[in-house]
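Numbering (our numbering), first residue to last: 17 to 343.
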């Protein structure tokens with residue numbers, strides 16, 4: 017369903033005992049607007065035929081060019097003086113048909129509606145805080161390549177899931193949540209990691225259950241299977257509902273840094289960015305190293321800053337010494 021941008025939207029009625037959502041609506045399109053006339057090079061200026069022709073071809077407004085000929089006539093040579101080296105203007109001779117501010121509204125899909133509601137509630141009611149850590153992944157990339165040469169295709173994300181599961185064992189306070197109905201802390205007894213997957217129509221988080229009991233090979237096989245079935249809508253409800261911790265990896269898009277929104281009732285989410293090459297200092301020398309940015313989003317009702325920092329420190333230890341993850 018599409019709704020043309022003409023009617024004025026009404027603010028939603030306030031809910032008893034709750035917060036009223038502000039009315040965020042677009043401005044109506046301009047009704048009194050005259051489209052500009054198509055640009056015509058050489059109009060209202062004394063110029064040589066060649067200058068007019070060149071100005072037309074290059075998209076130069078000849079009326080703004082200072083002429084050097086008789087009676088300030090614009091010559092072809094004047095077009096090259098003081099003119100920036102710009103490409104020919106796109107669609108310069110076309111007139112826009114739509115009034116500025118024209119828009120259309122599109123109904124949310126059922127999945128997008130749920131996502132919108134959950135994320136809005138998360139950002140509105142959960143006191144987020146964020147802690148970031150840049151880590152070296154030279155050894156991680158090297159070990160991954162060695163495994164690949166032996167026929168084992170383990171992704172960087174598989175290593176991250178394995179390292180995260182082990183780090184959560186050491187920091188159970190991160191593997192927690194908040195029950196907003198009872199006003200109580202949730203201490204999850206199992207490590208069930210949700211992996212955020214984009215499926216075009218929205219976002220879904222298939223869950224790797226008992227992730228800390230799985231080796232890299234098992235993680236790789238199961239995550240591939242979950243992601244593949246998620247993209248074709250073949251996950252059972254219990255395969256994506258729940259979870260104790262979420263990982264959102266945007267490294268495949270070349271993103272250098274980002275922060276995620278917590279997936280309630282979980283207390284934390286790990287945002288994983290791309291591996292980049294940059295100058296780093298090692299043993300007093302500047303060398304080119306591979307680094308990655310990790311950022312944890314945490315619920316301050318459940319987790320303190322020191323807890324998040326210690327968790328990232330343990331995660332860094334595992335990823336910078338990846339041979340531990342092979343055990």
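We put the CB at the ideal spot given by N, CA and C, even for glycine.
Item, Value
"Where residue 138 falls, given that 16 or more other Cβ within 10 Å makes a residue buried", "buried"
"Option nearest residue 283 by Cα separation, candidates 76, 157, 321", "321"
"Separation of residue 279 from residue 189, as counted between CA atoms", "16 Å"
"Beta-carbon gap between residue 191 and residue 261 smaller than 7 Å", "yes"
"Pair within 7 Å by beta-carbon distance, residue 39 and residue 145", "no"
"Identified DSSP bridge partners for residue 309", "150"
"Contact under 7 Å by Cβ, residue 336 with residue 152", "yes"
"Residues bridged to residue 315 (per DSSP)", "144"
"Other residues of its chain near residue 326: CB distance less than 7 Å, five sequence neighbours each side excluded", "187"
"Residues sharing a beta bridge with residue 193, DSSP", "202, 282"
"Burial state of residue 102 (16 or more Cβ within 10 Å)", "Residue placement at residue 102 is poorly supported in this model, since its pLDDT is 49, which falls under 50; the coordinates still yield a value, given next. Exposed."
"Cβ contact check for the region 196 to 205 and the region 223 to 241: 3 or more pairs under 8 Å", "no"
"For residue 265: DSSP bridge partner residues", "288"
"Three CB pairs or more closer than 8 Å across the region 160 to 175 and the region 292 to 306", "no"
"Cβ-Cβ separation, residue 147 to residue 340 (assumed contact under 8 Å), whole Å", "With 8 Å as the limit, residue 340 and residue 147 do not qualify as a contact, their Cβ atoms being about 22 Å apart."
"Distance between beta carbons of residue 332 and residue 149, contact taken as under 8 Å", "6 Å"
"Rounded distance between the beta-carbons of residue 334 and residue 179, thought under 8 Å", "4 Å"
"Residues near residue 88 by beta carbon distance below 8 Å, same chain, minus five either side", "62, 82"
"Residues near residue 256 by beta carbon distance below 8 Å, same chain, minus five either side", "210, 220, 221, 222, 223, 246"
"Per-residue burial, residue 78 [other beta carbons within 10 Å of its own, 16 or more giving buried]", "buried"
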